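Peer 1: Quick one: the structure is below, questions incoming.
Numbering (the numbering used here), first residue to last: 93 to 290.
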């Protein structure tokens, strides 16, 4: 009986999935077909001509009036025209005055300056710093190969476990209890020390 209901449930779920996919596909196809047609002149660029500037009529220079004071008045200026006039100015090039140093010369100067400064701290990490330097004949000490036990201990440390040897923990407990702890717990830890570690 349970098998028949299971097959019925599976067929209903399969039919519902197919109907949903067909419905979504039909909906997406209708969206694509009902998109509005775009006009071809939607991005037409229309150039607007700039109107010709209206120039004001030239004004005659003011006529000099009678001088009533003893100070001389400056002569009237000529009217300015709105057109720009190109003027050539003779300038001496910097290259003609002093030759510029090359890039290699600048790098050499910078290197000399840096060597004169205080030596910078070495921030590069040396992964072999804790090891003894190799012998004169080029030999060096190799690490022990990784064993299965080392891998198990490393994986155990990842999940909060520690080494399987209880002796360090027992010695640490005895040291903590020896400073005024319970005498019964101290006797129990000493018994464990004798049993497992001695």
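Positions of the beta carbon are idealized from the N, C-alpha and C atoms, including for glycine. Computed from a predicted structure; not experimentally measured.
1. Determine the extent of the alpha helix (DSSP H) in which residue 204 is found, giving its start and end residues.
2. From what residue to what residue does the alpha helix (DSSP H) around residue 266 run?
3. In this structure, does DSSP put residue 302 in helix, strand or coil?
4. Quick check on this structure: which residue in 206, 285, 109, 111 has the alpha carbon closest to the alpha carbon of residue 257?
5. When the Cα atoms are used, what is the spatial distance from residue 121 to residue 115?
6. When you compare only the Cα positions, how much space is there between residue 264 and residue 228?
7. The alpha helix (DSSP H) with residue 180 in it runs from where to where?
Peer 2: Well, looking at it:
1. Looking up residue 204 in the chain shown gives position 112. Counting along the chain, the alpha helix (DSSP H) containing residue 204 begins and ends at 195-208.
2. As a working note, residue 266 is residue 174 in the chain shown. Start and end: 259-269.
3. Only positions 93 to 290 of the chain appear in the structure, and residue 302 is not among them; the question remains open.
4. Numbered from 1 along the chain shown, position 165 holds the residue referred to as residue 257. Minimum Cα distance to residue 257 is reached at 285.
5. As a working note, residue 121 is residue 29 in the chain shown. As a working note, residue 115 is residue 23 in the chain shown. Rounded to the nearest whole angstrom, the C-alpha separation of residue 121 and residue 115 is 10 Å.
6. As a working note, residue 264 is residue 172 in the chain shown. As a working note, residue 228 is residue 136 in the chain shown. Between residue 264 and residue 228, the alpha-carbon positions lie close to 42 Å from each other.
7. Locating residue 180 in the chain shown gives position 88, counting from the first residue. From DSSP, residue 180 is part of no alpha helix (DSSP H); its letter is neither H nor E.
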